[in-house]
Amino acid sequence: MLSNSLFTLLRLSSRKKINLLDNFNFNLKTKRNFKSINLFRKFTFNIDLEETIKTGKLVPKIELNSIGVSSLLGERSFNEDRVIAVQLCPHLLMFGIFDGHGGPQAVDFVATKIKPAIDEHLASSQDLPQILKKVFLHLNDSFIKQEITKLNIHNPQFSGTTATVCLIRNGYDLCVAHVGDTRATLCRSNRAIRLTQDHKPDLRREMDRIIKCNGSFSWSSFGKSRVNGRLEMTRSIGDQDLKPFGVTAEPDVVVMKIRHSTDSFLLLTTDGTHSKLNSVEIVQTVLNAESTDEAAHHLSDLALFYGSKDNCTSMVIPLGAWGKHHFDNRIGYFQGSSIFPRF
Numbered sequence: 001m002l003s004n005s006l007f008t009l010l011r012l013s014s015r016k017k018i019n020l021l022d023n024f025n026f027n028l029k030t031k032r033n034f035k036s037i038n039l040f041r042k043f044t045f046n047i048d049l050e051e052t053i054k055t056g057k058l059v060p061k062i063e064l065n066s067i068g069v070s071s072l073l074g075e076r077s078f079n080e081d082r083v084i085a086v087q088l089c090p091h092l093l094m095f096g097i098f099d100g101h102g103g104p105q106a107v108d109f110v111a112t113k114i115k116p117a118i119d120e121h122l123a124s125s126q127d128l129p130q131i132l133k134k135v136f137l138h139l140n141d142s143f144i145k146q147e148i149t150k151l152n153i154h155n156p157q158f159s160g161t162t163a164t165v166c167l168i169r170n171g172y173d174l175c176v177a178h179v180g181d182t183r184a185t186l187c188r189s190n191r192a193i194r195l196t197q198d199h200k201p202d203l204r205r206e207m208d209r210i211i212k213c214n215g216s217f218s219w220s221s222f223g224k225s226r227v228n229g230r231l232e233m234t235r236s237i238g239d240q241d242l243k244p245f246g247v248t249a250e251p252d253v254v255v256m257k258i259r260h261s262t263d264s265f266l267l268l269t270t271d272g273t274h275s276k277l278n279s280v281e282i283v284q285t286v287l288n289a290e291s292t293d294e295a296a297h298h299l300s301d302l303a304l305f306y307g308s309k310d311n312c313t314s315m316v317i318p319l320g321a322w323g324k325h326h327f328d329n330r331i332g333y334f335q336g337s338s339i340f341p342r343f
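For what it's worth, the UniProt record's numbering labels the leading residue of the sequence shown as 1, then goes sequentially.
Given below as C-alpha cells:
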C-alpha cells in the first residue's frame, strides 16, 4: 500500500527468477491486514463532501493508501519500471507509470522531475491537457540538452522511457497523457476501456511520421518492428539518437469523466504485464482480488506465469464501484487456492 506522500518505485523486486507456483501459493495463503477494507473486497470510501454537494452526486475520495502496486523483475537483470503516486494539491492527484530502456538514466530522471515540473505549470495554468503536453516535452528537452552531459555514462543517447500519467481532479475529472507502450485502462461496467493506444510502428500515423523524418523500420523473425533497427516504440522521452527520425516526446492526451457508480478501477501497467494478458483476463483478475494490493500482485504473477520475461509492473487505483462486481468465470485468474488456465 502507498503512503499519503510522493511514492516513486525504484526497485520493488530484486528477484531474477522466481518459482511461480510457490509465489502464487504464498500470495494466496499470506494473511494481510488491510486498513482500507471493512468487508470482503470492499473499501471504506471517504466521501468528498465539497464535490458531492457541488455536483449533486456521491463523489468518493480517492485515497493514496488504497492503491495497490506490484513490480517483479522477471528474467531481466535490472528493474527499469517506475511508478509514482502523489497529491499535487487538495483536489488533484497524479499517478504515473514509466518503463525505461537503455539504462535507468531517463526513467529515473522523469520519475523524479515530473512532479516539480507539473507543480511549476500549475502555478500559472489549470489547463491539464496543455500542462501535460508541455511537461512531457520539457522533460525530454531537459534530459537531452542539460542532464545528459552531467551523467558521464556510456552511450547515454540510447537511454529512454515510456510515460503514462493520469491526473484526477475533484475526484472525477480524468486526464491521461502517454508516450510509448505503458497503458492506462479503466474498468467500467465490468469491461476494460483502453485509455491509451500503444505507440508502435504498426499504427499508420506513427509509421508515416517516422518515414517523413527519414527513419526506417526493421522486422524481427517474430514480426516485431523497430525504428532504425533499435526501438520498438515510436514515441518516448529520451532516445536522443532517434529524435531526428520522428521518435517524438509529444504525448497523446485523453480527457473524460469518471463515473463512480459504474467505474471499478483505473489500472496502469507496463508491457511486461499487459503483453501476456488480454482485457478479459485483466478485468477478471482485478475484480476477483480481495484488495487492490492483491490485484496488482496477481496481475504481475499471472503475466510471468504466461511467459513474460520482462519487468512486470501494475498499479490499481480503486474507484467508486470497487467491490460491486465479482466473476466466477474460469479465465486466467485466482479463486481459492487454484490457478485456472486459459481455454
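Heads up, the beta-carbon is just placed ideally off N, CA and C, and yes, glycines get one too. All figures in this text were calculated on a predicted structure; none of them were measured in a lab.
For this session: Give me the Cα-Cα distance between Ser236 and Thr248, rounded to the nearest whole angstrom.
Result: 6 Å
For this session: Spatial neighbours of Asn46 within its chain, please: CB distance less than 6 Å, with the 5 preceding and 5 following residues excluded, ordered by chain position.
Result: Lys61
For this session: Express the C-alpha separation of Ser70 and Lys324 in angstroms, rounding to a whole number.
Result: 23 Å
Problem set entry | Buried versus exposed, by CB contacts within 10 Å (16 or more), residue 427 | No information on residue 427 is available, as it lies outside the stretch 1 to 343 that the chain covers here.
Exercise. How about the region 267–283 and the region 301–312: do they share at least three Cβ pairs that are nearer than 8 Å?
Worked result: yes
For this session: Find the nearest neighbour of Ala184 within the set Glu120, Val253, Leu266, Ser225, judged by alpha-carbon distance.
Result: Leu266
Exercise. Alpha carbon to alpha carbon, how far is Leu28 from Gly74?
Worked result: Here the model assigns Leu28 a pLDDT of 34, short of 50, so the residue's position is not dependable, and the following value carries that caveat. About 20 Å.
For this session: With distances taken Cα to Cα, identify the nearest neighbour of Phe98 among Ser264, Thr269, Met256, Lys276.
Result: Thr269
Exercise. Ile258 lies in the alpha helix (DSSP H); which residues open and close that run?
Worked result: Per DSSP, Ile258 belongs to no alpha helix (DSSP H) and is neither H nor E.
Exercise. Pick from Ser125, Val110, Gln130: whose alpha carbon is nearest that of Ile144?
Worked result: Val110
Exercise. Mind checking whether Thr234 and Ile210 have CB atoms under 7 Å apart?
Worked result: yes
Exercise. Is there contact here, the region 309–321 with the region 290–298, by at least three beta-carbon pairs under 8 Å?
Worked result: yes
Problem set entry | Euclidean distance between Cα positions of Leu132 and Val86 | 15 Å
Exercise. So the beta strand (DSSP E) Ala184 belongs to, where does it begin and stop?
Worked result: 183–188
Exercise. Where DSSP assigns a beta bridge to Cys312, which residues make up the other side?
Worked result: Leu72
Exercise. Would you call the region 163–176 and the region 88–96 touching, i.e. three or more CB-CB distances under 8 Å?
Worked result: yes
Exercise. Taking Cβ to Cβ, would you say Asn228 is nearer than 7 Å to Gly246?
Worked result: no
Exercise. Cβ atoms of Cys175 and Pro129: under 7 Å apart, would you say?
Worked result: yes
Problem set entry | Cβ-Cβ separation, Asp271 to Gln197 (assumed contact under 8 Å), whole Å | With 8 Å as the limit, Gln197 and Asp271 do not qualify as a contact, their Cβ atoms being about 13 Å apart.
For this session: Flag this pair as yes or no: are the beta carbons of Thr162 and Ala106 separated by less than 7 Å?
Result: no
For this session: Could you give the DSSP three-state label for Gly100: helix, strand or coil?
Result: strand
Problem set entry | Ordered list of alpha helix (DSSP H) runs contained in the region 188–214, each at least 4 residues | 204–212
Exercise. What are the start and end residues of the alpha helix (DSSP H) that includes Leu122?
Worked result: 105–122
Exercise. Just the Cα atoms here: how many angstroms apart are Phe217 and Asp241?
Worked result: 15 Å
Exercise. Whose C-alpha, out of Thr164, Val135, Gln146, is nearest the C-alpha of Arg82?
Worked result: Thr164
Exercise. Which residue's Cα is closest to the Cα of Met256: Glu250, Ile193, Asp239?
Worked result: Ile193
Problem set entry | Segments of 3+ residues assigned as beta strand (DSSP E) that fall wholly inside the region 211–298 | 217–219, 225–227, 252–257, 263–269
Exercise. Quick one: is Phe78 buried, meaning 16 or more other Cβ sit within 10 Å of its Cβ, or exposed?
Worked result: exposed
Exercise. What did DSSP end up calling Thr164 once you bin it into helix, strand or coil?
Worked result: strand
For this session: Going by DSSP, name the residue or residues bridged to Lys61.
Result: Asn46
Problem set entry | Separation of Leu64 from Ile258, as counted between CA atoms | 17 Å
Exercise. In terms of alpha-carbon separation, which member of His260, Ser314, Asp310 lies closest to Thr55?
Worked result: His260
Exercise. So, is Cys89 buried or exposed, given that buried needs 16 or more other C-beta atoms within 10 angstroms?
Worked result: exposed
Problem set entry | Nearest-angstrom Cα separation, counted from Ser142 out to Asp239 | 13 Å
Exercise. Among the residues of its own chain, which have a CB less than 6 Å from the CB of Asp119, if the five just before and after it don't count?
Worked result: none
Problem set entry | Delimiting residues of the alpha helix (DSSP H) encompassing residue 344 | The requested residue 344 is not part of the displayed model; the chain covers only 1 to 343.
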